[in-house]
Every structure is written in structure tokens, then in C-alpha cells.
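This report refers to the structure that appears directly beneath it.
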Amino acid sequence: MSRTQSTNENGTETMSVREAIREGLREEMQADEMVMLYGQDEESGESFEVTDGLYEEFGQRRVRNTPISEAAQVGGAVGAAATGLRPVVEVSFSDFIGVCFDQLMNQAGKTRYMFGGESRVPVVMRATEGGGKSAAAQHSGTVHTLVAHLPGLKVVAPGTPAASKGLIKASIRSDDPVMFFENKTIYNERGPVPTDESYTVPLGEASVERVGEDVTVVATQRLLGEALSVADGLAGEASVEVIDPRTIYPLDTETILESVEKTGALVIADESPMSYGFHAEVMARVVEDGFFTLDAPPQRVGVPDTPIPFAPDLEGEVLPDAPDVERAVKRVL
Amino acid sequence: MAQIDFNEPRERTEALRRMMLIREFEDAVGDRFADGEIPGFVHLSQGQEGVAVGAVGALTEDDYVTSTHRAHGHSLAKGLDPDRLLAELYGKETGYCDGKGGSMHVASLEVGMLGAQPIVGASVPLGTGAAITAQYTDADWMSLTFLGDGAVAEGQVHEAFNLAATWELPVVFVIENNLYSEGMPFDDQHNIEDLADMAASYGVPGETVDGQDVETVNAAVSQARERALDGEGPTLVEAKTYRYRGHFEGDQEPYRTAEEVDEWRTERDPIDNYVDELLETGVLTEDDVADLERSVESELADAVEFARESETASKDVAFDDVFVEPAPEIAAHRERVARREPNWSVY
Ligand SMILES: Cc1ncc(C[n+]2csc(CCOP(=O)(O)OP(=O)(O)O)c2C)c(N)n1
Numbered sequence: 003m004s005r006t007q008s009t010n011e012n013g014t015e016t017m018s019v020r021e022a023i024r025e026g027l028r029e030e031m032q033a034d035e036m037v038m039l040y041g042q043d044e045e046s047g048e049s050f051e052v053t054d055g056l057y058e059e060f061g062q063r064r065v066r067n068t069p070i071s072e073a074a075q076v077g078g079a080v081g082a083a084a085t086g087l088r089p090v091v092e093v094s095f096s097d098f099i100g101v102c103f104d105q106l107m108n109q110a111g112k113t114r115y116m117f118g119g120e121s122r123v124p125v126v127m128r129a130t131e132g133g134g135k136s137a138a139a140q141h142s143g144t145v146h147t148l149v150a151h152l153p154g155l156k157v158v159a160p161g162t163p164a165a166s167k168g169l170i171k172a173s174i175r176s177d178d179p180v181m182f183f184e185n186k187t188i189y190n191e192r193g194p195v196p197t198d199e200s201y202t203v204p205l206g207e208a209s210v211e212r213v214g215e216d217v218t219v220v221a222t223q224r225l226l227g228e229a230l231s232v233a234d235g236l237a238g239e240a241s242v243e244v245i246d247p248r249t250i251y252p253l254d255t256e257t258i259l260e261s262v263e264k265t266g267a268l269v270i271a272d273e274s275p276m277s278y279g280f281h282a283e284v285m286a287r288v289v290e291d292g293f294f295t296l297d298a299p300p301q302r303v304g305v306p307d308t309p310i311p312f313a314p315d316l317e318g319e320v321l322p323d324a325p326d327v328e329r330a331v332k333r334v335l
Numbered sequence: 002m003a004q005i006d007f008n009e010p011r012e013r014t015e016a017l018r019r020m021m022l023i024r025e026f027e028d029a030v031g032d033r034f035a036d037g038e039i040p041g042f043v044h045l046s047q048g049q050e051g052v053a054v055g056a057v058g059a060l061t062e063d064d065y066v067t068s069t070h071r072a073h074g075h076s077l078a079k080g081l082d083p084d085r086l087l088a089e090l091y092g093k094e095t096g097y098c099d100g101k102g103g104s105m106h107v108a109s110l111e112v113g114m115l116g117a118q119p120i121v122g123a124s125v126p127l128g129t130g131a132a133i134t135a136q137y138t139d140a141d142w143m144s145l146t147f148l149g150d151g152a153v154a155e156g157q158v159h160e161a162f163n164l165a166a167t168w169e170l171p172v173v174f175v176i177e178n179n180l181y182s183e184g185m186p187f188d189d190q191h192n193i194e195d196l197a198d199m200a201a202s203y204g205v206p207g208e209t210v211d212g213q214d215v216e217t218v219n220a221a222v223s224q225a226r227e228r229a230l231d232g233e234g235p236t237l238v239e240a241k242t243y244r245y246r247g248h249f250e251g252d253q254e255p256y257r258t259a260e261e262v263d264e265w266r267t268e269r270d271p272i273d274n275y276v277d278e279l280l281e282t283g284v285l286t287e288d289d290v291a292d293l294e295r296s297v298e299s300e301l302a303d304a305v306e307f308a309r310e311s312e313t314a315s316k317d318v319a320f321d322d323v324f325v326e327p328a329p330e331i332a333a334h335r336e337r338v339a340r341r342e343p344n345w346s347v348y
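In the order they appear, the protein sequences are chains A and B.
Residue numbers for the first sequence follow the numbering used here, beginning at 3 and rising by one.
Residue numbers for the second sequence follow the numbering used here, beginning at 2 and rising by one.
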């Protein structure tokens, strides 16, 4: 764990998203003996180096490599969770969940319900998503909508280092199965993170990252940063409120509705494919319960329903970014 | 239920009683399903009682079992109460899962029944996961996972075998080879004769046994359990057996002949043969056997009465237990459902 960052008096430390997640994992492992991590290359922390150093610190009993077998990893974690452990299992690229989808959809998500509430499945499944690395279609997807659509699973997708730490801790402490999505292009993004070990971010609580009066932008993961830069760029011209929902399910509808009531305009920026997705859900909730607060038709910014291409120019073409957010904001002003 | 010590005559009787109880339960379910009292799908296990009682009879109450869509026998052998099990099949509030699981999803963690899993093969990673807990906590219990011969063709089964083998997890995999997967004969599904041979490719022991002999099954699983608890890892036990009923109730069974079923029933029935053995060895008299039969019959008659007379599960529970810490969405949707009004009427 690199602790080169400066700590200020308010008990925060500047760190990256990667370091924040690692720090959250570390604190929860220290606090609870039943927390164990496993996945492919987990001992070396090789996949995006998130778990780097934890093997050295906690040893092989608590940080373990698995064979390449996502269904056994996730299914094993569900079985372990139902019998008393609090496993955190890594599936590396979220595009790979296809091969363990049964365990995700039918076991992790339904076990407690089917058994009439008798079991608890306190499992956390970590995976990275997002494009921007020329990793092409099978290593760049954003699939959190897919998982959020499945009953019985909670879904987290933080956009800041502070949220990343607070949410990984809350996810581990949660008695429900949580799929924790990390956007791979923001691993190095830095920001202030509370160092207090009791700091957590409750699942289902959004954060107003920038207060504004004219338009609400609900932005996730990488697009949170893009939306904030748009808000900066438009300062003087328009006052943009930026909300990081932080959890995809449950979703903090109240915070979003309150914001739209104030601004009268809504843009949803998320790297999922646009059809039938996260954007549609946010829009549906605002329309259901806040239709008359809207002064303009809500807009969505996302991937135009294509897989993510390889060549950097093509990738840039399909991935939404700040100019897309800005155009959408201007349409609703 | 407690481990059965087959060296004790009284406990051999207990093994017989458990097999009879399962047979009686399955017969009752078949009849009540035919009467239209039990909804959904039911998959019965008459003919396979020797595997259920032999394998689970090797376990203590602390060991965990995961099972398949054909789970009544395993569940009863593990100690689930026939009344509540049947009530669950009826969808009653007294059932094990509040009427939300039914025949295919029965679980009772307090007796170590980690659940029936009708997604073919899915129970195998789950049972392996229970063994991760056992290993991690250095526990004195282990995990036993039942799977069918059909399940052995599923990918996730092999992932779990391999994980269990490489991590030397305390788990025993019991393959119930009843020679059919739905309507597909064994020979069409696999290119080997004995599924236990697969164990070699994971570097673990495998054994094929006669599933119609409760004591043979028990001996193999007991040994496998010892290995598991000694930290020596998983074992594959294949029990060759046969189901008398169709794949599901209502199955027309075009894939096999009545003669074939009859042959197994008359010559290789695990209960009849065990009765003969216990009579021959003087453990039981004909009267004892008749008493046992009467007692399980009356136990099941009571269970049917209990299930029939129990209240239907309350509609409220339909919204419960999705999560431990509820999601506000569900409460909001539930309110709308309760109002039975379109959403726009809130304005
Ligand atoms: C993944 C999956 N595929 C198909 C089915 C449909 N199905 C239910 S039971 C069954 C046969 C399973 O055969 P086997 O494992 O031999 O168990 P048996 O029925 O003989 O006890 C099938 C194909 C299913 N439930 N799940």
C-alpha cells in the first residue's frame, strides 16, 4: 500500500480510485476475519493492481488465486457466503460474467428469496467495466444495467475515490449480494478520501457533487468527471448540478427528483448502451414521479448500442465524453 | 439426522425406516400431484432411496448437503420434517420456504440442507463453496453435493471439481447415475461407462458403487468423508441407480420400456433387498417390518393432513426477503401493486 499521499487535518487523504478500493478492502479484512478475497491472479494483484500488496499483508489463507473458472468462483462464493464467510470475488473484466451468469442470476440473486429468507448471501463480486483502453469489444463493456435488472442483486458503480472506498466497505458489510463495478479508466483518478475507518457510503445514496440551478446531470463513473468539467466550462453561462448516483440498484430516486424539481431539466450520462438501460430507468422514475417538474424532454448520453471497437479513433466515436454531455445539456437549457 | 452406524443392528433398522419414509413420501406426493393438490413440477425419486440414505447417513447434522431438482429424498434423509416439506410443496405458510421455493428449491439451513437447485449442475459450485467455508474456518464438518448423470455434462460442474481438487476442499461429490437425463439415455450423453473415471482427470479418488445397496453407498461416502475431514480433498462417488417414475410427474416416458422399469423394481429394489437382508440376518422379523411400514404410512397420512390444513402462504411474503436490507424500490412497487391502480393516478 503506497501511503505517499498527504493527509490533511480533516482526516482525508488524496488517493486514486485504485488505492481507495484497496484501502477499503484492507480495512474490512482487518476488521473482519471472515472477509477473504479470491480470484484469478489475486495473490499478485495483477489484474489492474487493485489488490496489490494484500497477499503479502494477509497471506494465502485470506487472499487466494483460483483457476480460471468464473462460474466456480462466483458459485463457490455464494456457497461460502451462505455458510458464514464474507467472500470478495474478482471476475476481472465485467464482459466475462457471461460465463458465470447462472450463478449470478439464479443463485446469488435468488437464493435468499427462494428459501423464504433463511439464507444470507454476503458476497461481493468485483469487476471492471468501461472502454477507453483500446481493449476492443470483449474487454470494454459496461454491463451494470444487465445486473441491476436482476432481482436480488445490489449494484454499485462509484465515480470518485471517496465513493469507491466508502462503497466497497459498505458492500463488504452488506448481508446482501453486491456486484461492485469499477471503471477501469478512472483507476488513476485522484481525490480526497476519508481516512476514518468507520467511513462508509451507504448503498442507495447518491451524492450531489456540484450544486447548480439550471440543469441536473446524473452521471456515473468516468462520465462524472466529464460532467463536472462541462459544469466548469459552462460556468457563467449555465449553472449545472451534477449527481453521482453511486449505486445503480438501489437507486436514490429522491435525490434525483429533488434536483430535477429545482432545475426542471435532466441529462443522464452513463457508459451503458442507451437502449433499455440505466438511462431509461432514471428517466422513467423522473417521469413517473416528477413529470410536471420537467421543463424540457430529458436527454441521455451513452454508447449508441454498439459493442466497443478496437481502433482508438473508432472507440472515441462510440464512447460518450464531455462534448456529448455538453451538447445534451445545451439541448435542455 | 444423525449419522448411521451400520455396525449397530438398531441403526440398520433406522436406515430402512428412512428409505421407507422417502418411498412413502414420494408415493404420497405423486398421488396428491395427480389429484391436482400440488402445483408446479415435481420430480420423484422412488428407486433411489439407497443413495440418499446411504450417502446422507454418512454425515452428521453439521455437514452441509446441496441437491438437485430431485431433492425430496436427500432432504428427508438430512432431517427435514415431512410435514413442513410437504407443506412447502403445497405452497403453504408452514412450508420450509414460506411457499416461495416449492419442490425444486427446498432448503433448511438449520439442519444443513443448503438447498435444492434445479438449474442442472448449479449445486456443485455452491456445495464447493460451503467446503471453502469449512476449510477456511478449520471446521469439523464438510460438504456433500448431489448431482445427476446429466449434470456431469455441464461446464460449471467441472469448474467446481477442478477448484475443489486444486484447493483440496472438504467436499464429496455424489453422482446419482439413474441412467437417464430427462428422456436421454446415459449412453447418448457420455462417452465413458463409469462417471467416477472422471476423478482421475482432477487427480482425486473416484469410485463407482451399486446405488441400490444402501450399505455400499454408505461405506464409500463414509470413507470419502474421512478423507475430506483429514484435509485430503474431494472424492467423486458415482452411485448407479434407477428412478421408477418418469423424469417429472406426467412424463409419458417414451424413451424406455415398462419391462426395464419392472426389472429394476422387482430385482434391484433398494428397500425390498434390504428388508430381505435384515430378515435373513435376524435384525428384523416380518412383524417388525410390518410395524415400520405402518408407522411411515401413518406419518405420511399426518403430513398430508398437515399440509392440506395449513394456511396458504400470506400474499405479503411475496415481497419479502429479496434482500436482508430492503431496497426502497420494492416497497414503492409493492404499494403500487397494492393499490392496483395505474401509476398516473397518483397525480
Ligand atoms: C441448466 C439446465 N438445463 C436444463 C434443465 C432441464 N432439466 C431439468 S432436470 C434435467 C435432467 C437432469 O438429469 P440428471 O442430472 O441426470 O438428473 P436426474 O433427473 O436424472 O435426477 C434437465 C435437462 C435445467 N433444469 N437446467
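Where is the CB? At the ideal position from N, CA and C, for every residue including glycine.
Counting the other CB atoms within 10 Å of its CB gives GLN140(A) a total below 16, which places it among the exposed residues.
With contact defined as three or more Cβ pairs closer than 8 Å, the region 211–231 of chain B and the region 164–181 of chain B are in contact.
Between VAL331(A) and the set VAL303(A), THR162(A) and ILE188(A), the nearest pair of CA atoms involves VAL303(A). In this structure the region 242–254 of chain A lies against the region 141–152 of chain A, because at least three pairs of beta carbons, one per stretch, are closer than 8 Å.
THR95(B) and PRO306(A) have their C-alpha atoms spaced approximately 50 Å apart.
ILE188(A) and VAL90(A) have their C-alpha atoms roughly 21 Å apart.
The Cβ-Cβ distance between PHE34(B) and GLU183(B) does not fall below 8 Å.
For GLN109(A), the chain B residues whose Cβ falls inside 7 Å of its Cβ are ALA123 and LEU127, in order along the chain.
Listed in chain order, the non-local C-beta contacts of GLN301(A) below 7 Å within the same chain comprise VAL269, ALA330, ARG333 and VAL334, local neighbours out to five positions each way being set aside. With a cutoff of 8 Å on beta-carbon distance, ALA108(B) and GLU120(A) are scored as near each other. In this structure, DSSP gives GLN118(B) a state outside helix and strand, which the three-state scheme calls coil. In this structure, PRO171(B) and GLN136(B) form a Cβ contact; the two beta carbons are roughly 6 Å apart against a cut-off of 8 Å. Taking 8 Å as the cut-off, the Cβ atoms of ALA74(A) and LEU293(B) do not count as close. Counting only residues of its own chain and dropping the five nearest sequence neighbours on each side, ASP211(B) has a CB closer than 7 Å to the CB of THR217 and LYS241. Interface with chain B (8 Å Cβ-Cβ cutoff): MET31(A) is excluded. For GLY149(B), the enclosing beta strand (DSSP E) starts and ends at 144–149. Taking 8 Å as the cut-off, the beta carbon of SER46(B) is found no closer than this to the beta carbon of SER124(B). Scanning chain A for C-beta atoms nearer than 9 Å to the C-beta of TYR97(B) yields PHE117, GLY118 and GLU120, reported in chain order. Chain A places a beta carbon closer than 8 Å to that of LYS101(B), counting this residue as a contact. Taking the beta carbon of PRO153(A) as reference, the chain B residues within 9 Å of it are VAL323 and ILE331, listed in sequence order. Of PRO186(B), LEU279(B), PHE307(B) and ASP195(B), the smallest CA-CA separation from HIS248(B) is found for PRO186(B). Ligand 1 never approaches ASP315(A) closely enough for any of its heavy atoms to be under 7 Å from the residue's Cβ.
HIS334(B) counts as exposed, since fewer than 16 other beta carbons sit within 10 angstroms of its beta carbon. Considering only beta carbons, the part of the region 270–295 of chain A lying closer than 7 Å to chain B consists of GLU290, in chain order.
Annotated three-state conformation of THR249(A) is strand, per DSSP.
Under a criterion of Cβ atoms nearer than 8 Å, the residues of chain A adjacent to HIS106(B) are, in order, MET116 and PHE117.
When DSSP states are grouped into helix, strand and coil, GLN224(B) belongs to the helix group.
Separation of VAL158(B) and LEU127(B) (C-alpha to C-alpha, rounded to the nearest whole angstrom) is 10 Å. Contact check for GLY86(A) against TYR97(B) fails: the beta carbons are separated by 8 Å or more.
Contact check for PHE26(B) and LEU301(B): beta-carbon distance about 6 Å, within the 8 Å limit, so the pair qualifies.
Contacts with chain B at 8 Å (Cβ-Cβ) do not include ALA150(A).
For THR129(B), the number of other beta carbons within 10 angstroms of its own is at least 16, and it is reported as buried. The beta carbon of TYR251(A) sits closer than 8 Å to some beta carbon of chain B. Membership of VAL232(A) in the alpha helix (DSSP H) is indicated by the continuous run 223–235. For ARG71(B), the shortest separation between its Cβ and any heavy atom of ligand 1 lies below 7 Å. Counted as a single uninterrupted DSSP element, the stretch harbouring ASP315(A) is not any beta strand (DSSP E) but the alpha helix (DSSP H) occupying residues 314–320.
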